[in-house]
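In my numbering, the protein residues as written are 8 to 90.
Each remark here refers to the structure printed beneath this line.
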């Protein structure tokens, strides 16, 4: 079965300072943020996008949601634990 070449490559994103970062690296940052979150008050997609923007990675909330979904991570309201 043939696999499209572009499915094997990571797409690049340009940061505000002109550096290039990969989509895979951004997804990794999202995973790290979510693993480090407080389960009583989990981090929202909007907050993740804001943190990434502060680091120079301009990403929309819906892109964060798409990446989070592709990583099979639940939305914040479903990750929340009562404490």
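Yeah, the Cβ is synthetic: ideal placement off N, Cα and C, and Gly gets one too.
Note that the structure is predicted; figures quoted are calculated from it, not measured.
Determine the contact status of residue i and residue j, defining contact as a CB-CB distance below 9 Å.
| i | j | result |
| --- | --- | --- |
| residue 53 | residue 75 | no |
| residue 22 | residue 64 | yes |
| residue 49 | residue 87 | yes |
Using three-state DSSP, classify residue i as helix, strand or coil.
| i | result |
| --- | --- |
| residue 19 | strand |
| residue 41 | helix |
| residue 48 | strand |
| residue 56 | helix |
| residue 35 | helix |
| residue 77 | helix |
| residue 9 | coil |
| residue 68 | helix |
My guess is that residue i and residue j are in contact by the Cβ rule of under 8 Å, so how many angstroms apart are they, rounded?
| i | j | result |
| --- | --- | --- |
| residue 40 | residue 30 | Not confirmed; about 16 Å, so no contact. |
| residue 78 | residue 38 | 6 Å |
Going by the DSSP bridge assignment, what does residue i pair with across the sheet?
| i | result |
| --- | --- |
| residue 28 | 20 |
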